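Per this note's numbering, the very first residue in the sequence shown carries number -10; after that it's consecutive. C-beta: ideal position from N, C-alpha, C; glycine also. Quantities reported herein were computed from a predicted structural model and do not represent experimental measurements. Below you'll find the structure, written out as structure tokens, and then a few comments.
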Amino acid sequence: MPSDSSAPAAPQRGRAAHMRASALMAAGSTVSRILGFVRNFLLGMVLGGTSTVAANSFSAANILPSSLWLLIGGGTLNAILVPAIVRAMKRPDGGDDYMSRLTTLILVVTGAATALAMLLVTPLLVVANSNLDPVTMQAATTLAYFLLPQMLLSALYVMFGQVLNAHESFGPFQWAPALNNIMAILSSIAFLVLFGSQPDPTAWTMPMVLMLAGIQVSGSVVQSAFLWYWTHRIGLRIRLKWGFRNLGLRTLGKLGMWTLAMVILGQIGVFATRWASGPTVDAISRLHQEGRTAEAQKYAGLAALDWSYTVFMVPQGIIAVALVTSVFTQISRHARDGDHQGAFETYAETGRILMVPMILFSVLFGVLAGPIMWVAIGGTTPTSAEANGLVLAAYMVGLLPFASLYLTKRFFYAYEDARMSFLTQIPVTAFSLAMIIPISRLVDPQFATPAAALVTSIGNLMAWGMGTWMLRRKLQRLGVRPHGLGLTISTFLRLLVAAVVSGAAGWGLLHAAHDWVWSSRPVAVLVCGAIGAVMAALFIGAAFVLRVEEIRAMGAFVGRRLKRSR
């Protein structure tokens, strides 16, 4: 008679496998982020920093493939592919036929959209970036033709990645971006060796344009090919195959449509921010044409928006997403079981815990914004880095609202309510659109881009307020009386006091070490690392003195994550 000792072993093996998968995914994400910063640093060297016509041209062209891919449905595919693929896996062929036909359909639609975009490059550049000056527009147009095929590669990447996820092969999807970054790094190094830094697009030759586009496209090719290889490793044979009936995509339903609408609204907000930066882009081009290159370094253009936002997303991507993901299943379980009070209490507690790292990083990145942007982007001067730092500081104002709104949206998703998430996007986009003309007409072009970033932050604050109000109304309809508002406000105010103490000390130390910080990038890393450590210690110490209990809860969460990654 077989022993019963094997019964508990299966769950233990399952948990161990899950922990190994989580660790592999976390490692891939971390490595990819590190390589991403190396990639951006080298790309900055290629373009001569952010305050150049080349940087604005590259940014204007590079936003098209990613934005268009989201707008034609890429933003919703992640939500609907895995369930559809899981159903197809139960078929006798393991889903080969279904996935081949679905891949073919996605490629046909994306290919048609890519071809149409190539015919409409100039108006699309205007929609995404405003009326660019002739030099910037010409360079962006030429470059965009070679960057737009990334839409097809994005389709393959998402399709193959979700196929692997559905088969519980999570590692390749997390590590593929690392390969993308490695290819971009190698391509950037090759460009610098062959051509050096090229801040003036009027000097670009066709080989330069092809190689510049190759920095982006080559990485996309490699990551898609890598995932395709892994689909073969797990026994799938995905190929082109016609026949698009009975794919079951109507299951997209209301959830997917509201999600797509939210993505579209979000992209309009992104475009509005870039429109508001139009005067800065024109000023940079004019100053370079007049030979006033040093003065142009005081302006932060489109590329500064891109790279500042990348830095802004670091605490959101590493901490907020991990924390919210860890409780989403619990909130969903409460919602499924009708325990609405439990769902709200989990949400409220998580929101208070989330305040700790988000306020800490807001003050850290806000005070050290200039040096951070100098270290993060190659080719920039200290003057240009300080201009970019204003953009980052403006974004950091909205970090807590952005992260808290992310949690609120996940609460709505737990109740399969994507409509509310769509509605919370309206204030961000509406406010960004409304402020285009005031910024363009009233704000000095030198500060137009930081002003546009600040508008986004204020919009996120408005959206957070609206989302909180809608959540309380939903809870009331569910028979739950929201409580703990006083505790949340008290926690926020005490953390704000801790942030003021930390920020004042950091500002003073940064001012005292000004000459050291701007002497070289390695010195800046060491000095700002020390200042950041002092600021973090003061913040945590002040929070303990003020009896912010969420400090301990956040510490426990970090401890669990570190233990799990071992």
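Minimum C-alpha distance to residue i - residue among the options
{"i": "Tyr218", "options": "Ile178, Ala173, Ser158, Gln256", "result": "Ser158"}
{"i": "Asp560", "options": "Gly150, Phe26, Trp247, Ala173", "result": "The structure shown has nothing for residue 560, since the chain only spans -10 to 555."}
{"i": "Gly454", "options": "Thr438, Leu389, Thr480, Tyr404", "result": "Leu389"}
{"i": "Ile253", "options": "Val352, Leu412, Gly185", "result": "Leu412"}
{"i": "Ala440", "options": "Asn169, Met424, Ser373, Gln305", "result": "Met424"}
{"i": "Gln435", "options": "Thr339, Ala293, Gly468, Ala452", "result": "Ala293"}
{"i": "Gly37", "options": "Thr282, Ala129, Arg80", "result": "Thr282"}
{"i": "Ser421", "options": "Thr262, Ala374, Ser213, Pro371", "result": "Thr262"}
{"i": "Cys517", "options": "Val506, Leu527, Ala525, Ala526", "result": "Val506"}
{"i": "Phe260", "options": "Ser274, Leu153, Val417, Arg275", "result": "Val417"}
{"i": "Gln319", "options": "Phe354, Arg80, Arg399", "result": "Arg399"}
{"i": "Met302", "options": "Trp363, Ala382, Phe533", "result": "Ala382"}
{"i": "Ala192", "options": "Gln278, Ala179, Ala525", "result": "Gln278"}
{"i": "Trp458", "options": "Thr397, Ala531, Leu53", "result": "Thr397"}
{"i": "Leu53", "options": "Arg536, Leu175, Phe135", "result": "Phe135"}
{"i": "Val380", "options": "Val198, Thr299, Val42", "result": "Thr299"}
{"i": "Gly327", "options": "Leu249, Arg466, His221", "result": "Arg466"}
{"i": "Leu145", "options": "Ala133, Thr92, Ala129", "result": "Thr92"}
{"i": "Ile204", "options": "Val116, Val147, Asp271, Leu32", "result": "Leu32"}
{"i": "Gly355", "options": "Gly492, Val345, Val97, Ala101", "result": "Gly492"}
{"i": "Ser40", "options": "Leu484, Phe333, Ser274", "result": "Ser274"}
{"i": "Phe26", "options": "Gly544, Leu175, Val364", "result": "Val364"}
{"i": "Phe481", "options": "Ala374, Leu349, Leu431", "result": "Leu349"}
{"i": "Ser479", "options": "Gly544, Arg510, Met344, Ser508", "result": "Met344"}
Host alpha helix (DSSP H) of residue i (start-end)
{"i": "Ile425", "result": "425 to 431"}
{"i": "Tyr298", "result": "291 to 304"}
{"i": "Ala324", "result": "310 to 325"}
{"i": "Glu334", "result": "329 to 356"}
{"i": "Val506", "result": "503 to 506"}
{"i": "Val152", "result": "139 to 155"}
{"i": "Ser393", "result": "388 to 403"}
{"i": "Ser55", "result": "42 to 58"}
{"i": "Arg114", "result": "Checking the sequence shown, residue 114 turns out to be Leu, not Arg. Residues 110 to 118."}
Secondary structure of residue i, DSSP reduced to three states
{"i": "Glu284", "result": "helix"}
{"i": "Lys230", "result": "coil"}
{"i": "Thr370", "result": "coil"}
{"i": "Arg462", "result": "helix"}
{"i": "Pro123", "result": "helix"}
{"i": "Leu535", "result": "coil"}
{"i": "Asp271", "result": "helix"}
{"i": "Leu467", "result": "coil"}
{"i": "Arg90", "result": "helix"}
{"i": "Ile540", "result": "helix"}
{"i": "His472", "result": "coil"}
{"i": "Met78", "result": "coil"}
{"i": "Gly21", "result": "In the sequence as presented, Gly is not what sits at residue 21; that position holds Ser. Ser21: helix per DSSP, three-state reduction."}
{"i": "Ile223", "result": "coil"}
{"i": "Glu279", "result": "coil"}
{"i": "His7", "result": "Residue confidence is low: His7 scores 46 on pLDDT, short of 50, so the model does not pin down where it sits. Its coordinate-derived value is still stated next. Helix, per DSSP."}
{"i": "Thr562", "result": "Limits of the chain in this structure are -10 at one end and 555 at the other, which puts residue 562 out of reach."}
{"i": "Ser158", "result": "coil"}
{"i": "Val413", "result": "The residue you asked about is not Val; residue 413 is Thr in the sequence shown. Of the three classes helix, strand and coil, the one that applies to Thr413 here is helix, per DSSP."}
{"i": "Thr103", "result": "helix"}
{"i": "Ser509", "result": "coil"}
Cβ distance (whole Å) where residue i is taken to contact residue j below 8 Å
{"i": "Thr125", "j": "Asn29", "result": "Going by Cβ atoms, the distance from Thr125 to Asn29 rounds to 20 Å, so no, they are not a contact pair."}
{"i": "Ser297", "j": "Asn377", "result": "6 Å"}
{"i": "Gly367", "j": "Met34", "result": "4 Å"}
{"i": "Ala391", "j": "Gln330", "result": "A quick correction: the sequence has Phe, not Ala, at residue 391. Not quite, the Cβ-Cβ distance comes to about 27 Å (not below 8 Å), so this is no contact."}
{"i": "Met362", "j": "Thr369", "result": "7 Å"}
{"i": "Val523", "j": "Ala494", "result": "6 Å"}
{"i": "Ala572", "j": "Ala487", "result": "Because residue 572 is not part of the residues shown, which for the chain are -10 to 555, the question remains open."}
Minimum length 4: unbroken alpha helix (DSSP H) runs contained in the region 169 to 220: Runs of the alpha helix (DSSP H) inside the region 169 to 220: none found.
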